[in-house]
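Take a look at the structure below.
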Amino acid sequence: EYRPGHFQGVCRIVDKLLTAVQPDRLYLGQKDYQQCMVISKLIELEGIDTILQVCDTVREPDGLAMSSRNMRLNEKERVQALHIAKTLKYIKDNIPTVSIDDLTTAGTQYLEKEGFRVDYVAVADAENLQVLQNWDRKRPVVVLIAAFLNEVRLIDNLVIFPPGNP
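Note that the sequence shown covers residues 743 to 908 in my numbering.
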């Protein structure tokens, strides 16, 4: 919806790469959660004999998700970028008691107040990426954020597990 054709292009390239190289494993970072899920589905549908290993998002000591795009941020923007991680934490902390709609609206408004141009703040089913309006607290969900800070598009996410799960 926000980047038409992006994931189709990713799938074409990854399919060609996996067909040519035929690796036993493919390691991808969870930072681009949606891309990981799309490639997982590609591997399944195409019957590619490669195991997808999704690696945890690596974060700076202050919580900012590591990304090559961070190099394009000046000092002020680098500090501003931390508001994405703060928004993820806010949603995680409040999802048990506040509606998803209220949380995503508040997250969007907060990021806009902090100078972002928000593509989306969404809560989706962690397995199928279906955007949710309610959470039954039985399955994991993922909070997804994509926002521009001037010309730099930043993404981050956070998986939230049901109570009693890891």
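Backbone N, C-alpha and C define an ideal beta-carbon position, used for all residues, glycine too.
*asked:* If the criterion is Cβ atoms closer than 8 Å, does the pair residue 923 and residue 792 meet it?
replied: The structure shown does not extend to residue 923, since the chain is modelled only from 743 to 908, so the question has no answer here.
*What is the rounded straight-line gap between the Cα of residue 822 and the Cα of residue 842?*
If you take the alpha carbons of residue 822 and residue 842, they lie about 24 Å apart.
*Where the beta strand (DSSP E) through residue 899 begins and ends*: First-last of the beta strand (DSSP E) with residue 899: 894-902.
*So which of 844, 834 and 826 has the shortest CA-CA distance to residue 904?*
The candidate whose alpha carbon is nearest that of residue 904 is 834.
*Cα-Cα, which of 790, 782 and 778 is closest to residue 760?*
In this structure, 790 is the residue among 790, 782 and 778 with its C-alpha nearest to the C-alpha of residue 760.
*In terms of residues, what are the limits of the beta strand (DSSP E) holding residue 866?*
In the DSSP assignment, residue 866 falls within the beta strand (DSSP E) that extends over 859-867.
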